[in-house]
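Undergrad:
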Amino acid sequence: MTNRTFAEEAGGESAVRAGTGAGNFFRTIRDAVNSRMSKAVVFLIQFVGSFLTIIYLRGVFRMAYYSLFYRLDIPEELRKSYCVSVSLSLFGWGLLMLFTRRQIVTRIVIMISMLLYFPIFIFNYKNLVLIVPLAVMAAVTYLASGTKEGPKTILGAVFLTIYVLGAFVFLSAQSVLQPQVTEYVVERGFSQTGNYRYSTVVVDDRAEGHTYIELEPNTLDIKYDKSTWYAKGYGKTVYMSRPRRKFEVTWSVKPRAEITRELLLINPAVTFDLNAEQMKTIGLDKTYSKEYKLSALTKKQRMQIKKVLKKDLESEDKTAEQLGVEVLKDDTKVKLTFDQMVSLGLKPVIEQRLANLSDENLAALGVPEQNDVLTINGKVVFRQYVAVLERFYSESNRDIMAFIESNDVAPLTDIDLALTAKARQEPHGLRDDDEEAS
Numbered sequence: 002m003t004n005r006t007f008a009e010e011a012g013g014e015s016a017v018r019a020g021t022g023a024g025n026f027f028r029t030i031r032d033a034v035n036s037r038m039s040k041a042v043v044f045l046i047q048f049v050g051s052f053l054t055i056i057y058l059r060g061v062f063r064m065a066y067y068s069l070f071y072r073l074d075i076p077e078e079l080r081k082s083y084c085v086s087v088s089l090s091l092f093g094w095g096l097l098m099l100f101t102r103r104q105i106v107t108r109i110v111i112m113i114s115m116l117l118y119f120p121i122f123i124f125n126y127k128n129l130v131l132i133v134p135l136a137v138m139a140a141v142t143y144l145a146s147g148t149k150e151g152p153k154t155i156l157g158a159v160f161l162t163i164y165v166l167g168a169f170v171f172l173s174a175q176s177v178l179q180p181q182v183t184e185y186v187v188e189r190g191f192s193q194t195g196n197y198r199y200s201t202v203v204v205d206d207r208a209e210g211h212t213y214i215e216l217e218p219n220t221l222d223i224k225y226d227k228s229t230w231y232a233k234g235y236g237k238t239v240y241m242s243r244p245r246r247k248f249e250v251t252w253s254v255k256p257r258a259e260i261t262r263e264l265l266l267i268n269p270a271v272t273f274d275l276n277a278e279q280m281k282t283i284g285l286d287k288t289y290s291k292e293y294k295l296s297a298l299t300k301k302q303r304m305q306i307k308k309v310l311k312k313d314l315e316s317e318d319k320t321a322e323q324l325g326v327e328v329l330k331d332d333t334k335v336k337l338t339f340d341q342m343v344s345l346g347l348k349p350v351i352e353q354r355l356a357n358l359s360d361e362n363l364a365a366l367g368v369p370e371q372n373d374v375l376t377i378n379g380k381v382v383f384r385q386y387v388a389v390l391e392r393f394y395s396e397s398n399r400d401i402m403a404f405i406e407s408n409d410v411a412p413l414t415d416i417d418l419a420l421t422a423k424a425r426q427e428p429h430g431l432r433d434d435d436e437e438a439s
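2 is the number of the first residue of the sequence shown in my numbering; add one for each residue after it.
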């Protein structure tokens, strides 16, 4: 009886140990599964989050572009709040990049951003409220990125070299390309409608000096709550006087129809060159055609219209019949329609007389009902009407070297040469000595 009881108890204890072991085993498996699942979830979140950094890269690219072709202005009273806003934004993006630093997308974003930071730093180095937070962001994200130490060290040296040499080349180019004369901005102002801003500049040179008016559009700037990016590369000299002398700047506003009459009174045969977009806007594309010498077109263009030269077939293994083309002489002329020119990559332009443009046509072409007019000493030197038709301030006419322009705003200087400016509505009509500069 005692032996049986002992055996039963021993068997029960073994069963308990076996049950406990099994429980530990399944608990270990469960913990391992949970651990793997948590890692998988974290990895998935990091993977998805890394793609969000592309939004940051897009923002850095946009700011780099702005730095090249715009001038950043932050009002003094908003500089502290601007710095706080930028710092908080960069802090949020920085946390995301640190969390996803081992993801390939984030690593690529960090490396590309290191290149894009350069124009931001070089053009805005005086705006420390932007540069300091951005420099901290660049340093922390680069050093903490998941890139291996070897490649990171090499790329760091490359980026540093680009920054140093780039700054040297930029500053050297600025010193060489900037005019070696002394300029004084003596006056700034706006047109009556506010569409344009102008500066009166006095230049001291080896001769007797000169004075000029530079005009810029006032509608192409990019404005934010705490800052403004002023467009560069659009400044045009609309009036120049040599030697330096006093003159009066007068702004007025005139209706479109009245300016049309004035221009036709000055020259009844006045014409404007309209590009493809303008032609299409008022329907001139439907009847437009132009003759080209076949030899003036490229081989690719000739093959596209199925009219080729004999030399075009020399490099082809097929005959004209097999290619479905017509072989013509070099001096043959072909007439191309508007659509054919566009498809061939040519740029249709038509010289259109103002007398043949209706008021509705002018409105469709973007000429406003009320137009700013700039007059210097009684002579018209700028009409918004003409500037719109001639695409004076279009993106295609922007100075490609705009990034060379200084981001510093020249201070107003009070010198002996007295210049006055007025912005008033003048009686409509032309004087006998009116001249057209734009």
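For each residue, glycine too, the CB sits at the ideal point set by N, CA and C. Being a predicted model, the structure only gives us computed values, none of them experimental.
Measure the C-alpha to C-alpha separation of T107 and Y126 and round it to an integer number of angstroms.
TA: Start at 1 with the first residue of the sequence shown, and residue 107 comes out as number 106. Start at 1 with the first residue of the sequence shown, and residue 126 comes out as number 125. Rounded to the nearest angstrom, the two C-alpha atoms are 26 Å apart.
Undergrad: Quick check on A364: buried or exposed, where buried means 16 or more other Cβ atoms within 10 Å of its Cβ?
TA: Within the sequence shown, numbered from 1, the residue matching residue 364 stands at position 363. With fewer than 16 other Cβ atoms within 10 Å, it is exposed.
Undergrad: Considering only C-alpha positions, which residue in the set F122, L390, E215, D274 is nearest to I377?
TA: Reading the sequence shown from its first residue, position 376 is the one you call residue 377. The candidate whose alpha carbon is nearest that of I377 is E215.
Undergrad: For K255, count neighbouring C-beta atoms within 10 Å of its own C-beta (all shown protein chains included) and say buried if the count is 16 or more, exposed if not.
TA: One-based indexing of the sequence shown puts residue 255 at position 254. It is buried - the Cβ of K255 has at least 16 other Cβ atoms within 10 Å.
Undergrad: Taking the straight line between their C-alpha atoms, what separation do you get for I283 and Q302?
TA: Counted from its first residue, the sequence shown places residue 283 at position 282. Counted from its first residue, the sequence shown places residue 302 at position 301. Using only the alpha carbons, I get a separation of about 27 Å.
Undergrad: What does the alpha-carbon distance come out to for the pair D360 and E77?
TA: The sequence position of residue 360 within the sequence shown is 359, counting from 1. The sequence position of residue 77 within the sequence shown is 76, counting from 1. Approximately 46 Å between the Cα atoms of the pair.
Undergrad: Among M402, K291, V328, V335, which one has its Cα closest to the Cα of P349?
TA: Within the sequence shown, the letter at position 348 stands for residue 349. Checked all of M402, K291, V328, V335; the closest Cα to P349 is K291.
Undergrad: Q47 by DSSP, collapsed to three states: which one?
TA: For the purposes of this step, residue 47 is taken as the residue at position 46 of the sequence shown. DSSP places Q47 in helix when its eight states are reduced to three.
Undergrad: Extract the residue ranges of the beta strand (DSSP E) inside the segment 55-79, only unbroken runs of 3 or more that lie entirely within it.
TA: Here the runs fully enclosed are 71-74.
Undergrad: Shortest alpha-carbon distance to G167 belongs to which of V387, K224, L144, Y118?
TA: As a working mapping, residue 167 is identified with position 166 in the sequence shown. G167 has its Cα closest to that of Y118, out of V387, K224, L144, Y118.
Undergrad: Skipping 5 residues on each side, what residues in its chain have a beta carbon closer than 7 Å to that of S68?
TA: Locating residue 68 in the sequence shown gives position 67, where the first residue counts as 1. If we look at S68 and ignore the five residues flanking it on each side, its Cβ neighbours are P120, I121, F124, N125.
Undergrad: Give me whichever residues DSSP pairs with K237 in a beta bridge.
TA: Position 236 of the sequence shown holds residue 237. For K237, which the question treats as bridged, DSSP gives the partners L216.
Undergrad: Between the beta-carbon of I306 and the beta-carbon of V271, is there less than 8 Å?
TA: The residue given as residue 306 occupies position 305 in the sequence shown. The residue given as residue 271 occupies position 270 in the sequence shown. Contact flag unset, no.
Undergrad: I need the boundaries of the beta strand (DSSP E) containing F191, first residue and last residue.
TA: Within the sequence shown, the letter at position 190 stands for residue 191. First-last of the beta strand (DSSP E) with F191: 183-191.
Undergrad: Strictly by DSSP, which residues pair up with R198?
TA: On the sequence shown, residue 198 is found 197 positions in, with the first residue counted as 1. Looking at the DSSP assignment, R198 forms a beta bridge with F191, E217.
Undergrad: Identify whether Y394 lies in helix, strand or coil by the three-state DSSP scheme.
TA: As a first step, residue 394 is located in the sequence shown; it is residue number 393 there, counting from the start. Three-state DSSP puts Y394 in coil, outside helix and strand.
Undergrad: Within 10 angstroms of the Cβ of N398, are there 16 or more other Cβ atoms? Answer buried if so, exposed if not.
TA: The residue labelled residue 398 in the question sits at position 397 within the sequence shown. Exposed, by the Cβ-count rule.
Undergrad: Would you call the segment 336-346 and the segment 249-265 in contact, with 3 or more CB pairs under 8 Å?
TA: The segment 336-346 vs the segment 249-265: no contact.
Undergrad: Among residues of its own chain, excluding the 5 on either side of A403, which ones have a beta-carbon nearer than 6 Å to its beta-carbon?
TA: Counting from one through the sequence shown, the residue named residue 403 turns up at place 402. F70, K233, G234.
Undergrad: Counting along the chain, where does the alpha helix (DSSP H) carrying Q305 start and finish?
TA: For this step, residue 305 is matched to residue 304 along the sequence shown. Unbroken alpha helix (DSSP H) run through Q305: 300-305.
Undergrad: Sorted by chain position, which residues of the same chain lie with C-beta nearer than 6 Å to Y240's C-beta, five sequence neighbours on each side aside?
TA: The residue you call residue 240 lines up with position 239 of the sequence shown. The answer, listed in chain order, is I214, I377, V382.
Undergrad: Taking the beta strand (DSSP E) that I351 falls in, what are its first and last residues?
TA: Counting from one through the sequence shown, the residue named residue 351 turns up at place 350. 351-354 is the span of the beta strand (DSSP E), which, as asked, contains I351.
Undergrad: Would you say the beta carbon of R262 is closer than 7 Å to some non-hydrogen atom of the ligand MN?
TA: The ligand MN is absent from the structure shown, which contains no ligands of any kind.
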